[in-house]
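Chemist: For the protein sequence lines, the chains are A and B, in the order given. According to my numbering, the first sequence holds residues 1 to 290 in order. According to my numbering, the second sequence holds residues 291 to 628 in order. Have a look at this one before I ask anything.
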Amino acid sequence: MSDTSVRHRSPMAAPRSFLWGRRVFLTLLTVFVLLPVFVMVSSSLKPLQDVQGEFHWIPSSLTIRPYIDIWSTVPLATYFTNSVIVAGAATVCSVIIAVFAAYAVSRYRFRGKRVFTVTVLSTQMLPGILFLLPLFLIYVNIGNATGIALFGSRGGLILTYMTFTLPFSIWMLIGYFESVPRDLDEAALVDGCGPLGALFRIIVPAAIPGIVAVAVYSFMTAWGEVLFASVMTNEQTRTLSVGLGAYANLNDVYWNQIMAASLVVSVPVVAGFLLLQRYLVTGLTAGAVK
Amino acid sequence: MTTTATSPAEAGEGRAVGKNSPGAAGGQGRRPGRIRRIGLPYLLLLPALVLELLVHLVPMVMGIVMSFRELTQFYIREWSTAPWAGFDNFKIAVDFDAPVGQAMLHSFLVTCLFTVASVGLCWVIGTAAAVFMQETFAGRGILRAIFLIPYALPVYAAVITWVFMFQHDNGLVNHVLHDQLGVTDKPSFWLIGDNSFYALLTVSVWKGWPFAFLIVMAGLQNIPKEMYEAAALDGAGLWQQLRRITLPSLRPVNQVLVLVLFLWTFNDFNTPYVMFGKAAPKAADLVSVHIYQSSFVTWNFGTGSAMSVLLLLFLLVVTGVYLVITSRGSRGRKTADV
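This is the structure:
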């Protein structure tokens, strides 16, 4: 699939009414999309009395104070570290496991293949709440029986994040591996490469953009996850998604700090997404459009 | 949906047949090669299978078992000792005369209404944006990047900003609607009471439409340019081209898109939870949060599990019916598409 930007529809000039309709619609939509971004950025630079009173489009004075205070009001650095570790580990584990699974599905014919792919696809569609209760009880019971503290630990949270990162990774990687020409790895096999050699020397390098895209996307989803994080964490293992709520539980709601913290946690993923959007979009849409 | 679900797998199987033959016919190592091949796919799948079992299948089976047990906070430490409850949990969940069942039914209806409204708006906005951006124009690339921002922002950061905007005293929404435009007589409450439904819907649409935009945009690429040229020669206007070419060609894409949007919106927990916390206002009490609340706030895991199982059944039925309807419809169209 080629990128959208090379595609243009007709050489003929569109009527003026269409052009005006387009302008108005796209402008309104841009305002709608950017409004929260504007509020986030501008409010994060306002002094506290500014965000507590009536809303003003223009800050009365600019300050970077909120960006300094966010780190001491709540243990944001700890939450940040937890999020990086949990989202990172869930991503790395699921991508590695998914590479093998997707290779098997895309290159081999075996009994139970359809059952496997359909199961993977359908678990991706199920609500997280369905797995939350049982996983919670499993962790509590394992903890009671063996003393291994899965509940409240980062390890336990990483495992629960696999409920959504793994099926997604497998599904997307199947699509990417399918797009690598079979002749390439067949030639490698004929030349005496083992199946794993063909996978790591031919398919993985050829699908690197896809693998990176899947990793970024998994990381993004894990970075933004709220449901599991709100139940499966404690004071020490709390991630950003739950930690940001802590600003609101204080007596004063420091909206400027909340906005500053939101911006800080957003920048890494939004930057990553926009940098890799070309690959991400191709991968994301390939499955649906095929 | 059927097309997505099967096409990579089928394509894989189809091509794998051709793939195996040169390898197998590779001379002396025919026998051992084949034996190794048969085991290999399963070996490659093993880690994924173990994990799938661990995070999906075991919890799902457990969830179903739990729904038949009287699982309250007293039994959390040893859930297997909880007394057998038969269908009691289900009876409580669907007893619409009692408070628990009534609240569940209300939450279910709110979720249905909310999902239909949100998916509809996401689809309309996403499709309109994609169609408007089908042709190249100055700034198109930048605009596309901007439109992806809601999709890329972490849910809680985006939603918490909307919460700030919906604040009664210091929010942007009331400032614009009341102070600047004078649309409302007095500042409204957006996060409690009936307005919360619209507040939640706004955020959900803001977050969800870029996905529709992406998918429809990708779908538009697959429509041959010649079809538009031919239509233009025949004198079809832009509107007619949209109705006769664009929308019919997008139908298979839309079938997948609507199903995915439906499931995501229906199951969404993050947005309402960040917006309202553990106890959502009645008008915006979505099922996921409702089940969470019934389980982790009132500690009634048995009823919570029963509700989860009912939700699962509902989603399975809806998805099944949807797949049957759309695959029946698309079978006749397939030939026209190719």
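Every residue, glycine too, gets a C-beta built ideally from N, C-alpha and C.
From the DSSP output, in three-state form, read off B/Asn590 for me.
Modeler: Note: B/Asn590 maps to strand in three-state DSSP.
Chemist: Can you tell me whether DSSP reads B/Thr417 as helix, strand or coil?
Modeler: Helix at B/Thr417.
Chemist: Are any of the Cβ atoms in chain A nearer than 7 Å to that of B/His396?
Modeler: Output row for B/His396: interface = no.
Chemist: So, is the C-beta of B/His458 closer than 7 Å to a C-beta in chain A?
Modeler: Answer no: the Cβ-Cβ gap between B/His458 and chain A never drops below 7 Å.
Chemist: Output yes if chain B places a C-beta closer than 7 Å to the C-beta of A/Val212; else output no.
Modeler: False, the Cβ-Cβ gap to chain B never drops below 7 Å.
Chemist: Closest to B/Ser241 by C-alpha separation, out of B/Met394, B/Gln545, B/Ser539, B/Ser478, would be which residue?
Modeler: Here chain B covers residues 291 to 628 and nothing more, so residue 241 of chain B does not appear.
Chemist: Whose C-beta lies closer than 6 Å to the C-beta of A/Trp20 among residues of the same chain, with five residues either side of it excluded?
Modeler: Nothing meets the Cβ criterion.
Chemist: What does the alpha-carbon distance come out to for the pair B/Ala447 and A/Leu263?
Modeler: Cα to Cα, the separation comes out at about 7 Å.
Chemist: Can you tell me the Cα-Cα spacing of B/Lys515 and B/Val611, whole angstroms?
Modeler: Taking the straight line joining both Cα atoms gives about 34 Å.
Chemist: With a floor of 4 residues, list each alpha helix (DSSP H) that falls wholly inside the segment 86–122 of chain A, ordered by position along the chain.
Modeler: Runs of the alpha helix (DSSP H) inside the segment 86–122 of chain A: none found.
Chemist: Can the beta-carbon of A/Val39 be found closer than 7 Å to that of B/Met455?
Modeler: Closer than 7 Å, so yes.
Chemist: Quick check on the DSSP output: the alpha helix (DSSP H) that includes A/Leu173 runs from which residue to which?
Modeler: Run containing A/Leu173: 154–178, per the alpha helix (DSSP H) assignment.
Chemist: From B/Ala383 to B/Val473, what distance separates their C-alpha atoms?
Modeler: Computed Cα separation, rounded: 42 Å.
Chemist: What's the C-alpha gap between B/His593 and A/Gly245?
Modeler: First, the residue type needs correcting, since residue 593 of chain B is Thr and not His in the sequence shown. The straight-line gap from Cα to Cα measures roughly 28 Å.
Chemist: Compute every distance between the C-beta of A/Arg238 and the non-hydrogen atoms of the ligand GDP, then say whether any falls below 6 Å.
Modeler: The model depicted lacks the ligand GDP and carries no ligand whatsoever.
Chemist: Which chain A residues sit within Cβ distance under 7 Å of B/Ser630?
Modeler: Lying before the first or after the last residue shown, residue 630 of chain B is absent from chain B, which here runs from 291 to 628.
Chemist: List the DSSP bridge partners of B/Arg533.
Modeler: Bridge partners of B/Arg533: none, in fact.
Chemist: Using the Cβ count rule (16 or more neighbours within 10 Å means buried), how would you classify A/Pro205?
Modeler: Flag for A/Pro205 reads exposed.
Chemist: So within the segment 43–70 of chain A, which uninterrupted alpha helix (DSSP H) runs reach at least 4 residues, ignoring any that extend past its ends?
Modeler: Complete alpha helix (DSSP H) runs here, min 4: 48–52.
Chemist: A/Ile97 CB to nearest chain B CB: under 7 Å?
Modeler: So, interface residue.
Chemist: Return the Cβ separation of B/Val495 and B/Leu411 in integer angstroms, given the expectation that the two are a contact with Cβ distance under 8 Å.
Modeler: Correct: roughly 5 Å between the Cβ atoms.
Chemist: From the DSSP output, read off the bridge partner residues of B/Thr362.
Modeler: BP columns for B/Thr362 point to B/Asn590.
Chemist: List in chain order: all unbroken alpha helix (DSSP H) runs of 4+ residues lying wholly within the segment 526–578 of chain B.
Modeler: You should have 528–531, 537–557, 560–566.
Chemist: Just the chain B side, please: which residues come within less than 7 Å of A/Tyr103 by C-beta, in chain order?
Modeler: Here the neighbours are Leu334.
Chemist: Just the Cα atoms here: how many angstroms apart are B/Val629 and B/Gln511?
Modeler: The requested residue 629 of chain B does not occur in the structure, where chain B is confined to residues 291 to 628.
Chemist: In three-state terms, what does DSSP make of B/Thr405?
Modeler: Helix.
Chemist: Looking only at its chain, what residues have a beta carbon closer than 6 Å to the beta carbon of A/Leu166, apart from the 5 residues adjacent to it on each side?
Modeler: Excluding positions up to five away in sequence, the list reads Ser94.
Chemist: Considering only DSSP beta bridges, list what B/Trp452 is partnered with.
Modeler: B/Trp452 pairs with nothing; no bridge assigned.
Chemist: Can you confirm whether A/Gly224, when its beta carbon is compared against all beta carbons of chain B, has any partner nearer than 7 Å?
Modeler: Chain B, which has a Cβ nearer than 7 Å to the Cβ of A/Gly224, makes this yes.
Chemist: Specify, as a first and last residue, the run of the alpha helix (DSSP H) that B/Thr371 falls within.
Modeler: Where B/Thr371 is concerned, there is no enclosing alpha helix (DSSP H), given that its DSSP letter is neither H nor E.
Chemist: Just to confirm, is the Cβ distance from A/Gln98 to A/Leu173 under 7 Å?
Modeler: According to the sequence displayed, residue 98 of chain A carries Ala and not Gln. Yes. Within cutoff.
Chemist: Which class does B/Ala314 belong to by DSSP, given the choice of helix, strand or coil?
Modeler: Since pLDDT at B/Ala314 reaches only 40, below the 50 mark, its modelled position is unreliable, and no value is offered.
Chemist: With a cut-off of 7 Å, does the C-beta of B/Pro477 fall near any C-beta of chain A?
Modeler: Output row for B/Pro477: interface = no.
Chemist: Tell me the DSSP bridge mates of A/Thr233?
Modeler: A/Thr233 is bridged to A/Gly152.
Chemist: State the DSSP-derived secondary structure class of B/Trp499, mapped to helix, strand or coil.
Modeler: Residue state, collapsed to three classes: helix.
Chemist: Going by C-alpha distance, which of A/Ile202, A/Ile170, A/Pro268 is nearest A/Pro181?
Modeler: A/Pro181 has its Cα closest to that of A/Ile202, out of A/Ile202, A/Ile170, A/Pro268.
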